[in-house]
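Under full-length UniProt numbering, read the sequence shown as residues 1 to 88, first letter to last. We treat Cβ as the ideally placed atom computed from N, Cα and C, and that holds for glycine.
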Amino acid sequence: MLGDLVICVPVVNREAAEQGKSIDAHWAHMVIHGCLHLLGYDHIDDEEAEEMEALERTLLEELGYPDPYADDESADHPHSDTPSKDHE
Numbered sequence: 001m002l003g004d005l006v007i008c009v010p011v012v013n014r015e016a017a018e019q020g021k022s023i024d025a026h027w028a029h030m031v032i033h034g035c036l037h038l039l040g041y042d043h044i045d046d047e048e049a050e051e052m053e054a055l056e057r058t059l060l061e062e063l064g065y066p067d068p069y070a071d072d073e074s075a076d077h078p079h080s081d082t083p084s085k086d087h088e
């Protein structure tokens with residue numbers, strides 16, 4: 001067992017609505033994001049964030065979900081674990 005994922009249902013659902021994403025797609029992103037953390041990936045610095053986001057994009061695409069960062073491409077989005085950000 002790698003560990004536990006604790007994901008707040010109301011926060012994920014609210015974020016999906018605020019970001020104009022389907023609930024299913026945002027949940028898939030949060031579960032993959034959390035699993036990557038359990039595997040040792042992080043997004044503390046830009047290089048780590050780029051590696052982690054690339055894996056998220058690849059895995060989500062393989063599952064048929066859109067790129068969760070597509071709207072952030074022109075912006076320098078933060079990489080944090082605060083509930084108010086894209087990254088849970």
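Residue i: CB within 7 Å of a non-hydrogen atom of the ligand SAH
{"i": "Leu59", "result": "The ligand SAH is absent from the structure shown, which contains no ligand whatsoever."}
Spatial neighbours of residue i in its chain, beta-carbon cut-off 6 Å, leaving aside the 5 residues before and after
{"i": "Gly20", "result": "none"}
{"i": "Glu48", "result": "Asp42"}
For residue j and residue i, the rounded distance between their alpha carbons
{"i": "residue 92", "j": "Asp71", "result": "Any answer about residue 92 is impossible in this case: the structure gives the chain only from 1 up to 88."}
{"i": "Ser84", "j": "Pro68", "result": "Note that Ser84 scores 39 on pLDDT, short of 50, meaning its location in the model is unreliable; the coordinates nonetheless yield the value given after this. When rounded, the distance between both Cα atoms is 15 Å."}
{"i": "Ser22", "j": "Pro66", "result": "10 Å"}
{"i": "Glu18", "j": "Met1", "result": "33 Å"}
Own chain partners of residue i with C-beta closer than 8 Å, once the 5 adjacent residues on each side are dropped
{"i": "Asp24", "result": "Tyr65"}
Neighbourhood of residue i by C-beta distance below 7 Å, restricted to the same chain and skipping five residues each side
{"i": "Gly40", "result": "none"}
{"i": "Trp27", "result": "Val12"}
Min CB distance residue i to chain D below 8 Å
{"i": "His37", "result": "In summary, chain D is missing from the structure at hand, where a single protein chain is found."}
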